[in-house]
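Engineer: Numbering (the working numbering), first residue to last: 2 to 76.
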């Protein structure tokens, strides 16, 4: 069992109204369902995974925008 004293705060911002009201994170066989728009107390590894996923999404968005820009330029 994890020591809850080591838990950290993680704020997950709200998304669009049509989005799921929660974010699901599964790590090492343990599942976390975190409400959007609120701060949750989570183990540090969950916060690290959430932040890693944000960076990965940012990289994907940048790459997609770059490819779209190249596709729209005439040869």
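Backbone N, C-alpha and C fix where the C-beta goes; we use that ideal spot for every residue, glycine too.
Provide the residue span of the beta strand (DSSP E) that contains residue 36, from first to last.
Structural biologist: Numbered from 1 along the chain shown, position 35 holds the residue referred to as residue 36. Run containing residue 36: 31 to 36, per the beta strand (DSSP E) assignment.
Engineer: Considering only residues of the same chain and omitting the five flanking positions on each side of residue 4, which have a CB-CB separation below 7 Å?
Structural biologist: Along the chain shown, one-based indexing puts residue 4 at 3. Nothing listed; no residue qualifies.
Engineer: Cα-Cα, which of 65, 56 and 50 is closest to residue 27?
Structural biologist: For the purposes of this step, residue 27 is taken as residue 26 along the chain shown, with counting starting at 1. Considering only alpha carbons, the answer is 50.
Engineer: Going by DSSP, what residues sit across from residue 55 in a beta bridge?
Structural biologist: Position 54 of the chain shown, counted from the start, is the residue given in the question as residue 55. None, per the DSSP bridge assignment.
Engineer: Let me check understanding here. Comparing Cα to Cα, which of 56, 14 and 22 lies closest to residue 40?
Structural biologist: Mapped onto the chain shown, residue 40 falls at position 39. Selected option, being the one with the closest Cα: 14.
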